[in-house]
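Student:
Structure, rendered in structure tokens:
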């Protein structure tokens, strides 16, 4: 069975995986892929001495495939088409997903520490409870994505699109959100201590009870935002637009 699977992989896959050039897998609609990845790992071990880094870009099409709890640490999935893929609890640490399409993907509780998601498409993706410590999401599209309870500490989101995103109970300490579009987002009880939100657009965002202590909020747009109970002690609000914002119980750092 494993031998037959290897023949299938050699014929059908074009995947640059851990320095190995395999043959292309096109999968769609609820295909269980764990057995394929298991056989790929066996193939890698078997051919360890023959590995050569070809430098080929990945051409991976796995729309709606199921990859729950798999280990893809350090993989090269550059511009992979992964819309709707199920990567619940998957290990994707230091993975290269630059330009990848992950719209409506399930990345709940996935490990994406130090992952490269530069300009990735993550619209309506589920990243709740995921770990993205130090991840690169510069220029990414996260419109209506769910990142509630995620750990985004030290991550880079500058110039990304996060409109209508859910960041409730999220750890965003020391993260870079400069110029990010957060319009109409849910960010209640988020932790933005020492985060960079300079020139971020938080128009009509729900920011109740959010911790902004020591954050850089210069030039940020809080027009119509709900900041009731927010902690703004030590935050820099120079040039910020607070017109129409609800500020009952918020820290008085702008006084």
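Residue numbers (the numbering used here): 89 to 343. Positions of the beta carbon are idealized from the N, C-alpha and C atoms, including for glycine.
(1) Specify the secondary structure class of residue 331 as computed by DSSP and reduced to three states.
(2) Please determine, among 331, 167, 276, the residue with the shortest C-alpha to C-alpha distance to residue 316.
(3) Can the beta-carbon of residue 58 be found closer than 8 Å to that of residue 216?
(4) Going by beta-carbon coordinates alone, are residue 320 and residue 307 separated by less than 8 Å?
(5) Give every residue of the same chain whose Cβ lies closer than 7 Å to the Cβ of residue 331, excluding the five residues on either side of it in the sequence, and list them in chain order.
(6) Which of helix, strand or coil does DSSP assign to residue 161?
(7) Going by DSSP, what residues sit across from residue 269 in a beta bridge?
(8) Do you know offhand how far residue 228's Cα is from residue 246's?
(9) According to DSSP, simplified to helix, strand and coil, what is residue 203?
(10) According to DSSP, is residue 244 helix, strand or coil?
(11) At the level of alpha carbons, what is the spacing between residue 286 and residue 263?
(12) DSSP beta-bridge partners for residue 184?
(13) State the DSSP-derived secondary structure class of residue 319, mapped to helix, strand or coil.
(14) Nearest-angstrom Cα distance between residue 226 and residue 336?
(15) Under a Cβ-count criterion, where at least 16 other Cβ atoms within 10 Å of its own Cβ denotes burial, should residue 271 be classed as buried or exposed?
(16) Helix, strand or coil for residue 145, going by three-state DSSP, please let me know.
(17) What do you reckon, are the CB atoms on residue 171 and residue 190 nearer than 8 Å?
(18) Which residue from 258, 303, 168, 188 puts its Cα closest to that of residue 197?
(19) Tell me the rounded alpha-carbon separation between residue 230 and residue 301.
(20) How many angstroms separate the CA atom of residue 273 from the CA atom of residue 250?
(21) What does residue 189 pair with, by DSSP beta-bridge criteria?
(22) Taking all protein chains shown into account, decide if residue 54 is buried (16 or more other Cβ within 10 angstroms of its Cβ) or exposed.
(23) So, with DSSP's three-state summary, where would you put residue 179?
Tutor: Put simply:
(1) Looking at residue 331 - three-state DSSP - the assignment turns out to be coil, as it is neither helix nor strand.
(2) Nearest option by C-alpha distance: 276.
(3) This structure leaves residue 58 out entirely; the chain is present only between 89 and 343.
(4) Against a cut-off of 8 Å, the Cβ pair of residue 307 and residue 320 comes out as no contact.
(5) Cβ within range, chain order: 311.
(6) Reduced to three states, the DSSP call for residue 161 is coil.
(7) Answer is 249, 289, bridged to residue 269.
(8) Counting only the Cα atoms, residue 246 lies some 9 Å from residue 228.
(9) In this structure, residue 203 counts as coil in the three-state DSSP scheme.
(10) Reduced to three states, the DSSP call for residue 244 is strand.
(11) Answer to the nearest angstrom: the Cα atoms are 11 Å apart.
(12) Beta-bridge pairing links residue 184 to 164, 204.
(13) Residue 319 sits in a strand when the DSSP states are folded into three classes.
(14) Approximately 33 Å between the Cα atoms of the pair.
(15) It is buried - the Cβ of residue 271 has at least 16 other Cβ atoms within 10 Å.
(16) At residue 145 the pLDDT is 35, less than 50, meaning the model places this residue with poor confidence and gives no usable figure here.
(17) Yes, these two residues count as a Cβ contact at 8 Å.
(18) Residue 197 has its Cα closest to that of 258, out of 258, 303, 168, 188.
(19) Taking the straight line from one Cα to the other gives about 25 Å.
(20) Going by the C-alpha atoms only, they are around 8 Å apart.
(21) Secondary-structure assignment with DSSP links residue 189 through a beta bridge to 169, 209.
(22) Since the first residue of the chain shown is 89 and the last is 343, residue 54 is not available in this structure.
(23) Note: residue 179 maps to strand in three-state DSSP.
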